[in-house]
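Colleague: One structure, pasted below without further comment.
Number of protein chains: 2
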Amino acid sequence: MTKALRKPATNNALNVAHEISDRARDKREQIMQGALRTFLSNGYSASMDAIAAESGVAKQTLYSYFGAKEELFSALMDRLLEHFVHAGMTPELRSLPTQAFLRKLAQITLSQMDDWEYVSLMRLVIGESARFPELSELYLSRLVSPGIAKLAQYIRENDELAFGDPEAVARIMHGSLINFIIAQEILGGKHTMPMSRDRLINSLIDVILFAAQQSAQSR
Amino acid sequence: MTKALRKPATNNALNVAHEISDRARDKREQIMQGALRTFLSNGYSASMDAIAAESGVAKQTLYSYFGAKEELFSALMDRLLEHFVHAGMTPELRSLPTQAFLRKLAQITLSQMDDWEYVSLMRLVIGESARFPELSELYLSRLVSPGIAKLAQYIRENDELAFGDPEAVARIMHGSLINFIIAQEILGGKHTMPMSRDRLINSLIDVILFAAQQSAQSR
DNA sequence: GTCTATACATGGATAGAC
DNA sequence: GTCTATCCATGTATAGAC
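Protein chains in written order, with the numbering used here: chain A, 790 to 1008; chain B, 790 to 1008.
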């Protein structure tokens, strides 16, 4: 009914094709959202029945849009990874004083990762890394590696951060943040070994800036 | 035959019971080793058939020793976690100069983690953290938390490492090492974004020691 | 106590009506 | 294109012979 209102009059072949295409996109989207929730909740072992139920379509419909479970999964992961590729360092961020920049960057990084979808994605990527090594590779090359590279470049170009091995320092910073999320959010450390984000960030910045000062001094 | 040689003469009830108990222990051990390999390779989704085959026993035998799959899994994980509880800081280690101590500690930590069983365990713990939160909790409380606590204590008691928040600094150090293993060994970063352990360790020690000097100076 | 054979449920994937 | 009903393999768990 509402459909007739949106698209009245002409019923030529082209319009029909277009309408079908629109519908197909909607259904496809509907499936992907349901499948995403199901996979992120239950891992790759989520059943196609469960996905169909969560998506609100029949199981056969899944197979008409995606040939097999693995294809659906891959398509989803591709899209999800793409979604989390962040804007990176905006010019305004880079123009901040060093300390403010590092704090802001750490906060942004933690905020992005402290999210149900992101945390579930990490669990899935790590948990299925034996079965889907390509997924791990994609995760590293799309999300981890660029983040480290940008941070390393920032360190390299910043005179206040005169480290001998910017790449390694970037890994240390990034790694301590990622592991904080893994421990606190994925493994439940927020309950069994709680620590506020700010405490971690403060110490991380202290350590990096102090080290940078000393490093500059000792040259 | 050899059994008769080891345990000759008397065949009273007690001896028989003992012999049975010995055998049972052996079978149990045999099952656990096969199950361990299978679970670590294939995750919790490993089938009982596969475990029976790998263990070299019939499926029913699994069920006579462990009531159900989940019990077998739990028993295994308990034992494996216990196995990896390391000696910790030996007195001779603590007597080293600060820099040598930190380097040695980092090397030991990475060496312990860079091991097929340990890596597989981490993947399993993280991957199944939604299904088995108790396993995550056990992992944190037995392996992670004590390691961080000991390192924090060392920092606190060492005059050369005058940090304001030893606990947070310990997390940063520990976290960057753990995440290095996750990225390089679990996610395949050793191929796609290679970096030697020594580079990471060197930079980590540089950063910590430089920061400590500066921190002491600025008091 | 251990094996073979089997029961029962669930998984992925497909056939056929509409 | 979408649904219902079904196929077939595999999974956990158990029964019964030895």
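The beta-carbon is built from N, C-alpha and C at its ideal position, and this holds for glycine as well. Quick caveat: nothing in here was measured; it's all calculated off a predicted structure.
At 7 Å on the CB atoms, spell out the chain B contacts of Glu926 (chain A), in chain order.
Modeller: Position 137 of the first sequence, counted from the first residue, corresponds to residue 926 (chain A). Near Glu926 (chain A) (Cβ distances below 7 Å), the residues of chain B are Gly977, Thr981.
Colleague: Where does the unbroken alpha helix (DSSP H) through Arg883 (chain A) begin, and where does it stop?
Modeller: Looking up residue 883 (chain A) in the first sequence gives position 94. Per DSSP, Arg883 (chain A) belongs to the alpha helix (DSSP H) from 880-883.
Colleague: Nearest-angstrom Cα distance between Leu825 (chain B) and Ser1007 (chain B)?
Modeller: By 1-based counting over the second sequence, the position of residue 825 (chain B) is 36. By 1-based counting over the second sequence, the position of residue 1007 (chain B) is 218. So the two alpha carbons sit approximately 52 Å from each other.
Colleague: Are the C-beta of Val846 (chain B) and some C-beta of chain A separated by less than 8 Å?
Modeller: As a first step, residue 846 (chain B) is located in the second sequence; it is residue number 57 there, counting from the start. So, not an interface residue.
Colleague: Taking C-beta pairs closer than 8 Å, name the residues in chain B that Phe969 (chain A) reaches, listed in chain order.
Modeller: Indexing the first sequence from 1 puts residue 969 (chain A) at position 180. Those within 8 Å of Phe969 (chain A) in chain B are Arg960, Gly964.
Colleague: Interface residues of chain B around Val933 (chain A) at Cβ under 7 Å?
Modeller: Counting from one through the first sequence, the residue named residue 933 (chain A) turns up at place 144. Here the neighbours are Ala972.
Colleague: Identify every run of the beta strand (DSSP E) within the stretch 895-960 of chain A, keeping only runs that are complete inside it and at least 3 residues long; order them along the chain.
Modeller: Runs found: none.
Colleague: Between Ile997 (chain B) and Val996 (chain A), what straight-line distance do the alpha-carbon atoms span, to the nearest angstrom?
Modeller: Start at 1 with the first residue of the second sequence, and residue 997 (chain B) comes out as number 208. Start at 1 with the first residue of the first sequence, and residue 996 (chain A) comes out as number 207. Looking at the two C-alpha atoms, the distance is approximately 7 Å.
Colleague: Quick one: using the 10 Å Cβ neighbour count with 16 as the cut-off for buried, is Thr898 (chain B) buried or exposed?
Modeller: Taking the second sequence and counting its residues from 1, one reaches residue 898 (chain B) at position 109. Under this definition Thr898 (chain B) is a buried residue.
Colleague: So if I threshold CB-CB distances at 8 Å, which residues from the stretch 983-994 of chain B count as touching chain A?
Modeller: Those residues of the stretch 983-994 of chain B that come within reach of chain A (Cβ to Cβ, closer than 8 Å) are Met984, Arg988, Leu989, Asn991, Ser992, Leu993.
Colleague: Establish whether the CB of Asp954 (chain A) and some CB of chain B are separated by less than 8 Å.
Modeller: Mapped onto the first sequence, residue 954 (chain A) falls at position 165. At least one chain B Cβ lies under 8 Å of Asp954 (chain A).
Colleague: Gln973 (chain A): buried (16+ other C-beta within 10 angstroms of its C-beta) or exposed?
Modeller: Here residue 973 (chain A) refers to the residue found at position 184 when the first sequence is read from its first residue. Gln973 (chain A) should be labelled buried.
Colleague: Examine chain B for any beta-carbon lying closer than 8 Å to the beta-carbon of Ala1000 (chain A), and answer yes or no.
Modeller: Taking the first residue of the first sequence as 1, we reach residue 1000 (chain A) at position 211. Chain B contact via Cβ: present.
Colleague: Per DSSP, what kind of secondary structure is Ala857 (chain B) in: helix, strand or coil?
Modeller: Within the second sequence, numbered from 1, the residue matching residue 857 (chain B) stands at position 68. Three-state DSSP puts Ala857 (chain B) in coil, outside helix and strand.
Colleague: Looking only at C-alpha atoms, which of A:Ala841, A:Tyr943, A:Gly823, A:Ser918 sits nearest to Pro880 (chain A)?
Modeller: Within the first sequence, numbered from 1, the residue matching residue 880 (chain A) stands at position 91. Here the closest residue by C-alpha is A:Tyr943.
Colleague: Starting from the beta carbon of Val874 (chain B), find every residue of chain A whose beta carbon is closer than 9 Å, and list them in chain order.
Modeller: In the second sequence, counting from the first residue as 1, residue 874 (chain B) sits at position 85. In chain order: nothing, as chain A lies at least about 16 Å away.
Colleague: For chain A, find out if any of its Cβ atoms is closer than 8 Å to the Cβ of Arg912 (chain B); answer yes or no.
Modeller: By 1-based counting over the second sequence, the position of residue 912 (chain B) is 123. By this cut-off, Arg912 (chain B) is an interface position.
Colleague: For Gln896 (chain A), decide whether its Cβ has a neighbour in chain B, counting only Cβ atoms nearer than 8 Å.
Modeller: As a first step, residue 896 (chain A) must be located in the first sequence, where it is residue number 107. Taking Cβ atoms only, chain B never reaches closer than 8 Å to Gln896 (chain A), which makes this a no.
Colleague: Compute the Euclidean distance between the alpha carbons of Leu989 (chain B) and Leu870 (chain B), then round it to the nearest angstrom.
Modeller: Numbered from 1 along the second sequence, position 200 holds the residue referred to as residue 989 (chain B). Numbered from 1 along the second sequence, position 81 holds the residue referred to as residue 870 (chain B). Looking at the two C-alpha atoms, the distance is approximately 26 Å.
Colleague: Taking Cβ to Cβ, would you say Asn947 (chain B) is nearer than 8 Å to Thr850 (chain B)?
Modeller: Within the second sequence, numbered from 1, the residue matching residue 947 (chain B) stands at position 158. Within the second sequence, numbered from 1, the residue matching residue 850 (chain B) stands at position 61. Result no, Cβ atoms of Asn947 (chain B) and Thr850 (chain B) do not sit closer than 8 Å.
Colleague: When the Cα atoms are used, what is the spatial distance from Glu923 (chain B) to Met821 (chain B)?
Modeller: Residue numbering aside, residue 923 (chain B) sits at position 134 when the second sequence is read from its first letter. Residue numbering aside, residue 821 (chain B) sits at position 32 when the second sequence is read from its first letter. Going by the C-alpha atoms only, they are around 20 Å apart.
Colleague: Does Ile997 (chain B) have its Cβ less than 8 Å from a Cβ in chain A?
Modeller: For the purposes of this step, residue 997 (chain B) is identified with residue 208 of the second sequence, where counting begins at 1. It does; some Cβ of chain A falls within 8 Å.
Colleague: Chain B beta carbons: is any one of them nearer than 8 Å to that of Ser1004 (chain A)?
Modeller: The residue labelled residue 1004 (chain A) in the question sits at position 215 within the first sequence. It does; some Cβ of chain B falls within 8 Å.
Colleague: Whole angstroms is fine: what's the gap from Lys858 (chain B)'s alpha carbon to Ile840 (chain B)'s?
Modeller: Within the second sequence, residue 858 (chain B) is the residue found at index 69, counting from 1. Within the second sequence, residue 840 (chain B) is the residue found at index 51, counting from 1. About 10 Å.
Colleague: Name the residue from B:Val908, B:His963, B:Leu891 whose alpha carbon lies nearest to the alpha carbon of Ala938 (chain B).
Modeller: Taking the second sequence and counting its residues from 1, one reaches residue 938 (chain B) at position 149. Considering only alpha carbons, the answer is B:His963.
Colleague: Where does Met982 (chain B) sit, in a helix, a strand or coil, going by DSSP?
Modeller: Translated into the one-based positions of the second sequence, residue 982 (chain B) becomes position 193. Note: Met982 (chain B) maps to coil in three-state DSSP.
Colleague: Can you check whether the CB of Arg945 (chain B) is closer than 8 Å to the CB of Pro955 (chain B)?
Modeller: Counting from 1 along the second sequence, the entry for residue 955 (chain B) is found at position 166. Counting from 1 along the second sequence, the entry for residue 945 (chain B) is found at position 156. Contact flag set, yes.
Colleague: Taking the alpha-carbon positions, what's the Ala1001 (chain A) to Gly953 (chain A) distance?
Modeller: Within the first sequence, numbered from 1, the residue matching residue 1001 (chain A) stands at position 212. Within the first sequence, numbered from 1, the residue matching residue 953 (chain A) stands at position 164. Roughly 10 Å between the two C-alpha positions.
Colleague: Alpha carbon to alpha carbon, how far is Gly845 (chain B) from Ser925 (chain A)? Give it in angstroms, no decimals.
Modeller: Walking along the first sequence from the start, residue 925 (chain A) turns up at place 136. Walking along the second sequence from the start, residue 845 (chain B) turns up at place 56. Cα-Cα distance, rounded: 33 Å.
Colleague: What does the Cβ neighbour count give for Ser830 (chain B), buried or exposed, with the cut at 16 atoms within 10 Å?
Modeller: For the purposes of this step, residue 830 (chain B) is taken as the residue at position 41 of the second sequence. Looking at its Cβ environment, which holds fewer than 16 other Cβ atoms inside 10 Å, Ser830 (chain B) is exposed.
Colleague: For a contact defined as C-beta to C-beta under 8 Å, what are the partners of Pro922 (chain B) on chain A?
Modeller: In the second sequence, counting from the first residue as 1, residue 922 (chain B) sits at position 133. Going along chain A in sequence order, the residues near Pro922 (chain B) (Cβ under 8 Å) are Gly977.
Colleague: Got a sec, what are the start and stop residues for the alpha helix (DSSP H) Ala847 (chain A) sits in?
Modeller: Here residue 847 (chain A) refers to the residue found at position 58 of the first sequence. First-last for Ala847 (chain A): undefined, no H or E at that position.
Colleague: Apart from the five residues on each side of it in sequence, which residues of its chain come closer than 7 Å, Cβ to Cβ, to Leu993 (chain B)?
Modeller: As a position in the second sequence, residue 993 (chain B) is number 204, starting the count at 1. Contacts found: Ala895, Met962, Ser965.
Colleague: Taking Cβ-Cβ distances shorter than 8 Å, what residues in chain A pair up with Leu929 (chain B)?
Modeller: Your numbering for residue 929 (chain B) matches position 140 in the second sequence. Correct list: Ala972, Leu976, Gly977, Gly978, Thr981, Met982.
Colleague: For a contact defined as C-beta to C-beta under 9 Å, what are the partners of Ala857 (chain B) on chain A?
Modeller: Within the second sequence, the letter at position 68 stands for residue 857 (chain B). Neighbours of Ala857 (chain B) on chain A: none; closest Cβ ~18 Å, over 9 Å.
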